[in-house]
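Line by line, the protein sequences give chains A and B.
Going by our numbering, the first residue of the first sequence is number 1, and it counts up by one from there.
Going by our numbering, the first residue of the second sequence is number 1001, and it counts up by one from there.
A virtual CB, placed ideally from N, CA and C, is assigned to each residue, including glycine.
Because the structure is a prediction, the values reported are computed rather than measured.
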Amino acid sequence: MKQTVYTIFVAFWACVLTILALDALTPSAQAGPDQSEKTSYTLDEVAEHDRLDDCWMAIEGKVYDFTDYIDQHPTPPALLEPWCGTEATEGMRTKGYGRDHSERAWQMAEQYLIGSLAEGE
Amino acid sequence: MKARNAHILVWAVAAVPPVLFLAMLDPAQMQSPGEILHAAGRLTGVAGLSLLLVAAIVSVRIPGFDRPFGGLTRLWRTHHLLGAWSLILLLLHPALLALAAADLSLSAAASTLLPPWSDLASWSGWLALVLMMGFLAPSFSFFGRPRYESWKRLHRLAGPAVALALLHNFWLSRGLPPWLDVALWSTLALLAVGAVAWRFVFSRRAGRLRYTVAEVRPVDNSVVELGLEPVGRALRHEAGNFVYLTLDDRELAAGRGEEHPYTLSSSPDEKRLRIAIKVLGDASRAVQFLRTGSRAHIEGPYGRFFLSPDRVERPELWVAGGIGVTPFLARMRHLAGRGESGNVCLVFCVQDPAREIFSDELRQLAERIEGFRLHTHYFYREGPLSMEYLASVCPDLGERDAYICGPRPLNELMRQHAAAAGIPASRIQSEEFELL
């Protein structure tokens, strides 16, 4: 048992340090795509993208274009449609029944970030 | 309840949270490899915390609580295994979550491992894990063999580690309906806190009995036998039990005020408690020079070595290694004192005649107990205890209940011999005095 625990202890640090080292050695991964192009949008602009084939959402001050993600979402697209073109923080935080999306879902959303919500919105 | 079932029950309790988590898992959210890794990462977190809490619960040291589990040393073995699996699962937990995030991007994986400083929920989990690595490192000999007292001190970090792990869990847990989540973890957490509180608050005050050191008798140049006189209430115990002894001699060179486990070598019918102590470390070396009249505290009794300590109901085989003879000495004194007979075959394994402790008394007791046979096995002359030797001194080996107490290699060897002789595992009892 002692050897098993020690082996996993060493493997754990090897795994953690490998991921951190790879991340540190890959500068582009940190910069993220199209960072410079990000801009701010008003809720009116977001509201123009209110269809499943063109679906933007504003969540906690950020604007996302989820058009390419709709098909991958676990629930049927019809559940997402009402949120397209709207301020959808409530949907993201409650899933409609009081349960927040997972940390992983929040991280995944960052891939679809296109900008921020304009000040005062 | 059989001891084995009691241990299975402990594992079953620890399995409740992960099983509920699996039952509530939405298969629709496990479509990609990343999502499956993510669910596995969360599952290892739930299972690891559950095992950690149950390990804390079974570390409670209430006299008598250990009996259904076949004694405290067997309960510790389960505690040790629960701790080992908890650490393994909790190491896998962040690693799997990071690999799951790697499905999105490398930076997502890295930020899972090193989140922003404001993410206190994640950092509380990290701190708990680092503390766990710290307090469990000596238990699994990560950096060599630990000293008993420093291991014990370091093991106290388990308290803050458990508290931080619970905080992390209450912050982030989403796998169960909120009411069930709160009810489940609160119950386990309360039991764990209760176990620790008992150990460090109640048992220190109410669980310890006061004794005076009445006699310090040298047995040979590395073993003394203490005679302890009760100051108030005397300990009630069985032959083969062990206790935690705390010595309070101001002139003790080491180990003053520390508690150490020792087997009682006296019969339960004696007024005094007797404890034979061999030099194994600094504290036990200092005991060899203990003064009579100093104060001592006893906590116990623990363990359940002999199935019928007061009489010999079935033929028995006893195998003792060195200082491991103490529970057998206690039972021989007990049986002889009560005039009991017994079909017992005791094989006392020592290095050489110079280390044959209690030799005269053992011979006298063996003569007084009708049916008792004593054989001394000298390692330097006969090598490791062999099946042939056992068969020659104890021909009806397979018909006996086996009791083994000695260093780990002897215990393991003897367990193999006993199994090979056809003694079922349920009739082989062993007690180890090496705790780590």
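Quick test of your reading: residue i and residue j, contact by CB under 8 Å. State the CB separation rounded to the nearest angstrom.
i, j, result
"Glu-1316(B)", "Glu-1149(B)", "Not a contact, Cβ separation roughly 36 Å."
"Ala-1330(B)", "Ser-1430(B)", "Their Cβ separation, rounded to whole angstroms, is 16 Å, which puts Ala-1330(B) and Ser-1430(B) out of contact at 8 Å."
"Val-1312(B)", "Val-1224(B)", "With a Cβ gap of about 29 Å, Val-1312(B) and Val-1224(B) do not count as contacting."
"Ser-1284(B)", "Asp-1248(B)", "That pair is no contact at about 16 Å."
"Leu-1410(B)", "Ile-1369(B)", "Not quite, the Cβ-Cβ distance comes to about 24 Å (not below 8 Å), so this is no contact."
"Ala-1189(B)", "Gln-107(A)", "That pair is no contact at about 29 Å."
"Gly-1406(B)", "Ala-1320(B)", "6 Å"
"Thr-1263(B)", "Phe-1242(B)", "4 Å"
"Ala-1098(B)", "Ile-114(A)", "That pair is no contact at about 26 Å."
"Ile-59(A)", "Ala-105(A)", "Incorrect: roughly 11 Å between the Cβ atoms, too far for contact."
"Asp-1220(B)", "Ala-1254(B)", "Contact doesn't hold; Cβ gap of about 21 Å is too wide."
"Thr-1212(B)", "Glu-1229(B)", "5 Å"
"Leu-1120(B)", "Ile-8(A)", "27 Å between Cβ atoms; not a contact."
"Leu-1072(B)", "Gly-1303(B)", "5 Å"
"Pro-1138(B)", "Leu-1114(B)", "No, Pro-1138(B) and Leu-1114(B) are not in contact; Cβ-Cβ is about 28 Å, not under 8 Å."
"Glu-1356(B)", "Thr-1376(B)", "6 Å"
"Leu-1043(B)", "Pro-1018(B)", "6 Å"
Could you give the first and the last residue of the continuous alpha helix (DSSP H) run that contains residue i?
i, result
"Pro-1017(B)", "1003-1024"
"Thr-1263(B)", "Segment 1259-1263 is the beta strand (DSSP E) holding Thr-1263(B); no alpha helix (DSSP H) there."
"Glu-103(A)", "103-109"
"Gly-1125(B)", "1120-1136"
"Thr-75(A)", "Segment: none, Thr-75(A) is in no alpha helix (DSSP H) and carries neither H nor E."
"Ile-1423(B)", "First-last for Ile-1423(B): undefined, no H or E at that position."
"Ala-1163(B)", "1158-1172"
"Met-1332(B)", "1326-1337"
"Ile-1357(B)", "From DSSP, Ile-1357(B) is part of no alpha helix (DSSP H); its letter is neither H nor E."
"Ala-21(A)", "2-25"
"Asp-1181(B)", "1178-1197"
"Leu-1106(B)", "1106-1113"
So, are the CB atoms of residue i and residue j less than 7 Å apart?
i, j, result
"Leu-1104(B)", "Phe-1135(B)", "no"
"Val-1058(B)", "Leu-1075(B)", "yes"
"Ala-1101(B)", "Thr-1112(B)", "yes"
"Pro-74(A)", "Gln-1029(B)", "yes"
"Tyr-6(A)", "Phe-66(A)", "no"
"Ser-116(A)", "Ser-40(A)", "yes"
"Gly-1048(B)", "His-1093(B)", "yes"
"Leu-1096(B)", "Gly-1034(B)", "no"
"Leu-43(A)", "Ile-70(A)", "no"
"Ala-1239(B)", "Gly-1227(B)", "no"
"Gly-1337(B)", "Asp-1269(B)", "yes"
"Phe-1306(B)", "Val-1325(B)", "no"
"Leu-1106(B)", "Asp-23(A)", "yes"
"Asp-1401(B)", "Arg-1373(B)", "no"
"Ala-1161(B)", "Met-1132(B)", "yes"
"Ala-1003(B)", "Gly-1083(B)", "no"
"His-1260(B)", "Pro-1301(B)", "no"
"Gln-1351(B)", "Phe-1379(B)", "yes"
"Lys-2(A)", "Ser-1141(B)", "yes"
"Gly-1342(B)", "Gly-1322(B)", "no"
"Val-1231(B)", "Arg-1256(B)", "no"
"Ala-1023(B)", "Val-1054(B)", "no"
Ends of the beta strand (DSSP E) at residue i?
i, result
"Phe-1348(B)", "1344-1350"
"Ala-1320(B)", "1316-1321"
"Leu-1290(B)", "Here Leu-1290(B) belongs to no beta strand (DSSP E), and DSSP marks it neither H nor E."
Name, in chain order, the residues that DSSP records as bridge partners for residue i.
i, result
"Ser-116(A)", "Ser-40(A), Lys-62(A)"
"Lys-1278(B)", "Val-1223(B)"
"Phe-1242(B)", "Thr-1263(B), Tyr-1302(B)"
"Glu-1431(B)", "Cys-1405(B)"
"Ala-1296(B)", "Tyr-1211(B), Leu-1247(B)"
"Glu-87(A)", "Ala-58(A)"
"Arg-1147(B)", "Its beta-bridge partners do not exist; DSSP assigns none."
"Arg-51(A)", "Asp-54(A)"
"Leu-1096(B)", "Its beta-bridge partners do not exist; DSSP assigns none."
"Leu-1273(B)", "Leu-1228(B)"
- [ ] Write down every uninterrupted run of the alpha helix (DSSP H) in the region 1372-1405 of chain B whose length is 4 residues or greater and which is fully enclosed by it, in chain order.
- [x] Qualifying alpha helix (DSSP H) stretches, in chain order: 1379-1382, 1387-1393.
Task: Unbroken stretches of the beta strand (DSSP E), 3 residues or longer, contained in the region 1205-1240 of chain B - done: Segments of the beta strand (DSSP E) lying fully in the region 1205-1240 of chain B: 1208-1220, 1223-1230.
- [ ] List in chain order: all unbroken alpha helix (DSSP H) runs of 4+ residues lying wholly within the region 1036-1073 of chain B.
- [x] Fully enclosed alpha helix (DSSP H) runs of 4 or longer: not present.
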